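Below is one structure, written out as structure tokens, with a few remarks after it.
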Ligand code: X2X
């Protein structure tokens, strides 16, 4: 009897010791993306998943779930689902995580980052600078592992009613925004009627005319063929929406150190590719050159010209017109500077001032 017990005990111990080796890696990791596969955002997630599978010789097999499938459409609950492990990996937007991580409202401050001489250089300087580190610390202290930055892009306004070139033109227009309070404040300050809505329902709402307009970057607007719903675009770059490659921390800890290093390197490469897809035709040509060198140029390489060909009327705002919008949203910046943290906003100002324009 005693011998049998000892054998049993030994067997249990062997099983316990051996368990992590079996249980450590899942056969599939779920990666979440809010919009569809063909957006700049979706392409960046696929690129990352493919690279990780290849570089880890299939040990880390990531499947990407597009169109907010892993959160039943509710994009502002994504952070909680990554934190609690329902989602293993994500390529996520700062807007969608800002309800849980208040620091991520920084790029949503209206006419803040975009008001710099080169808005892309300014964004990179914030991400690589002190402010970027503060945002990363905030994400990690709330329980999610940050891997690297990506970019949804600077968000442009479209609508079906009239040209918008001054704040008054927005009067009473129903504008769809994400369920993030800073956006409600901004559009109210501009005299519009903002309406919260998940992206999963937005295109149907555009089609049915439930809303008059919306705001999103080129990497989303072109794949959804926004010209089918809206004829007017205001080129105001009022906020930017960075993306973040991220992981659940327990999943991250379950990887060997070697695999962690490989995945980090894949995230860095994917960032470079994904940002180039989001910026093509909008920067000084750097993104075009990079994608061409990879042999991965997208179909549309000049988003504004392409939209005009589809019949959209584009309002390019001059400095005075932009100043009117900036002035109309001054109170929003003041209110949200306090909520985001004055030290973080000031760190971003410093990072941008020190950038190499
Ligand atoms: O919902 C949006 O507007 C989108 C797709 O850009 C985000 O998820 C922030």
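In my numbering, the protein residues as written are 482 to 838.
No residue lacks a Cβ here, since even glycine has one placed at the ideal position from N, Cα and C.
Since the model is a prediction, treat every value here as computed from it, not as a measurement.
Taking all protein chains shown into account, do 16 or more other C-beta atoms lie within 10 angstroms of the C-beta of residue i, making it buried, or fewer, making it exposed?
i           : result
residue 729 : buried
residue 774 : exposed
residue 502 : With a pLDDT of only 47 at residue 502, under the threshold of 50, the placement of this residue in the model should not be trusted; the figure read from the coordinates follows. Counting Cβ neighbours within 10 Å, residue 502 comes out exposed, since fewer than 16 surround it.
residue 673 : buried
residue 777 : exposed
residue 661 : buried
residue 598 : exposed
residue 824 : exposed
residue 556 : buried
residue 752 : buried
residue 783 : exposed
residue 797 : exposed
residue 812 : exposed
residue 696 : buried
residue 677 : exposed
residue 633 : buried
residue 801 : exposed
residue 559 : buried
residue 637 : buried
residue 816 : exposed
residue 505 : exposed
residue 544 : exposed
residue 819 : exposed
residue 838 : exposed
residue 539 : exposed
residue 786 : exposed
residue 566 : exposed
Does DSSP put residue i in a helix, in a strand, or in coil?
i           : result
residue 512 : strand
residue 555 : coil
residue 763 : coil
residue 631 : strand
residue 653 : coil
residue 461 : This structure cannot settle anything about residue 461, because the visible part of the chain is limited to 482 through 838.
residue 666 : helix
residue 722 : strand
residue 529 : helix
residue 710 : coil
residue 604 : helix
residue 684 : helix
residue 560 : helix
residue 646 : coil
residue 802 : helix
residue 754 : helix
residue 777 : coil
residue 586 : helix
residue 549 : coil
residue 591 : coil
residue 580 : coil
residue 824 : helix
residue 432 : With the chain represented from 482 up to 838, any question about residue 432 goes unanswered, as that position is not in the structure.
residue 784 : helix
residue 734 : helix
residue 691 : coil
residue 791 : coil
residue 519 : coil
Using DSSP bridges, identify the partner residues of residue i.
i           : result
residue 697 : 637
residue 704 : Note: residue 704 sits in no beta bridge, so no partner.
residue 658 : 677
residue 626 : 728
residue 544 : 511
residue 506 : Residue 506 pairs with nothing; no bridge assigned.
residue 571 : 513 and 727
residue 797 : 716
Check your reading: residues with Cβ closer than 6 Å to ligand 1 heavy atoms: Those residues whose C-beta sits under 6 Å from the nearest heavy atom of ligand 1 are, from N- to C-terminal order along the chain, 515, 516, 556, 574, 576, 577, 633, 659, 680, 697, 701 and 722.
Three or more beta-carbon pairs under 8 Å between the segment 521-541 and the segment 666-681, yes or no?
no
| query | Looking at C-beta atoms only, is the number of pairs between the segment 571-580 and the segment 799-807 that lie closer than 8 Å three or more? | reply | With a cut-off of 8 Å, the segment 799-807 and the segment 571-580 do not count as touching, because too few Cβ pairs lie within range.
| request: May I ask you to verify whether the segment 708-717 touches the segment 580-589, counting CB pairs closer than 8 Å and requiring at least 3? | output: no
Are three or more beta carbon pairs between the segment 615-631 and the segment 720-737 nearer than 8 Å? The segment 615-631 vs the segment 720-737: in contact.
Three or more C-beta pairs closer than 8 Å, one from the segment 746-764 and one from the segment 640-652: is that the case here? no
- Task: Mind the definition here: the segment 588-608 touches the segment 547-566 only if three or more C-beta pairs lie below 8 Å; say whether that holds.
- Result: Fewer than three pairs of CB atoms, one per stretch, sit closer than 8 Å, so the segment 588-608 makes no contact with the segment 547-566.
Could you check whether the segment 818-835 touches the segment 594-611, counting it as contact only if at least three pairs of C-beta atoms, one from each stretch, sit closer than 8 Å? yes
_Quick test of the definition: if touching needs 3 or more C-beta pairs under 8 Å, does the segment 754-762 touch the segment 513-529?_
Touching, yes, given that three or more Cβ pairs across the two stretches are closer than 8 Å.
- Query: Is the segment 613-622 close to the segment 759-770, with three or more CB pairs under 8 Å?
  - Reply: Too few Cβ pairs lie closer than 8 Å, so no.
*Segment contact flag, the segment 733-740 with the segment 509-525, C-beta cutoff 8 Å, min 3 pairs*: no
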